[in-house]
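Numbering (the numbering used here), first residue to last: 264 to 521.
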Amino acid sequence: MNLKKKRLIKEGISMSRLTLFLVLVFSSLSVSANVTVYAASSLTNVMNDIVDDYQDKTGDRVRVSYAGSSSLARQIANGAPADIYLSANTKWMEYLVEQDQIDTASKVDLLRNSLVLIASKTTPKENTWQWFIGQKGFRIAMADPRHVPAGIYGKQSLTKQYRWPEVKGHIASGNNVRSALLFVERDEAPVGIVYKTDALLSKGATIVEEFPADSHDPIIYPMAIIKNKNSEKVTRFYQYLLSDEAKNTFISYGFSTI
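Pasting the structure below:
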């Protein structure tokens, strides 16, 4: 066999392998998810459990992208391929309504949460706030109070309790609530403000105080289907999130259902 034939055969095999590879890649992408959910970071653990149960029962594949509600809303407004949006506050849901990105008939308030002060393993657990304020160069971990719901609620509560002036220049800001929790778990900040549901899951931080519910706006998680995305499989998973079975899972993680 001459060199030209050998080269052609070799190229043919390479092209066949490439074609097979591309077929496998695109096939895996097409079956990787029937439903794509964009959900607030604070829902990570509970949504993972709900999705696992749902996939086992139905065989449908659900992919969840977690981030701060503000970041997710902006991504959706810019054309990100979400089917369902689960926000940690009503503001960013309304933003998408104004952007004409939401199937408004599907918009529903799903969950409630509460806000807590947490402390690291090395932080005193008694009179934590007084100890904290007395430290030099202190840092308090919280989600970005300008954009991220957990940070916005935290600022509201601290302002209502006349604590904000003491700490506004000492914020260790995270791009979502899980980042703030991580700062405290790693002892990079002695205290932090997070959702109660996140704190209950933590092994490296302790709840030392729950903020009064009337010191901030109600922490409500609205859900909606993205406009023109109400396919049969999307609608089926949306309805599952409203089911008693899913609600019981949410409650087991410390959420209240509406």
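Don't be surprised by glycine CBs; every beta carbon is placed ideally from N, CA and C.
- In the DSSP annotation of this structure, the continuous segment of the beta strand (DSSP E) that includes PRO485 starts and ends at 482 to 488.
- Residue pairing by DSSP places GLU473 opposite VAL379 in a beta bridge.
- Excluding sequence positions up to five before and after SER328, its CB lies within less than 6 Å of the CB of TYR301, all in the same chain and listed in chain order.
- For THR520, the pairing in a beta bridge is given by DSSP as LEU374.
- Just measuring C-alpha positions, the residue of LYS354, TYR317 and PRO387 sitting nearest VAL471 is PRO387.
- In the structure shown, the three-state DSSP call for GLY417 is helix.
- Secondary structure of THR385 (DSSP, three-state): coil.
- Taking all protein chains shown into account, GLU361 has fewer than 16 neighbouring C-beta atoms within 10 Å of its C-beta and is therefore exposed.
- In this chain, ARG409 is not harboured by any alpha helix (DSSP H), its DSSP state being neither H nor E.
- DSSP places ALA351 outside both helix and strand once states are collapsed to three, so it counts as coil.
- Judged by pairs of C-beta atoms under 8 Å, the region 345 to 364 does not touch the region 381 to 400, as fewer than three such pairs exist.
- Check the Cα spacing between PRO408 and each of ASN438, TYR425, TRP394 and PHE395: the tightest is with ASN438.
- Linking LYS492 to ALA382 through their CA atoms gives a straight-line distance of about 42 Å.
- Here PRO412 is buried. Its C-beta has 16 or more other C-beta atoms within 10 Å.
- When only Cα atoms are considered, MET310 and SER350 end up about 13 Å apart.
- When DSSP states are grouped into helix, strand and coil, ARG326 belongs to the strand group.
- Boundaries for ALA296: no beta strand (DSSP E) harbours it, and the DSSP string shows neither H nor E there.
- In the displayed model, TYR458 falls within a strand according to three-state DSSP.
- Residue state for SER305 is assigned as helix, using DSSP reduced to three classes.
- For ASP372, the CB contacts under 6 Å within the same chain, skipping 5 residues up- and downstream, are ILE483, PRO485 and ILE521 in chain order.
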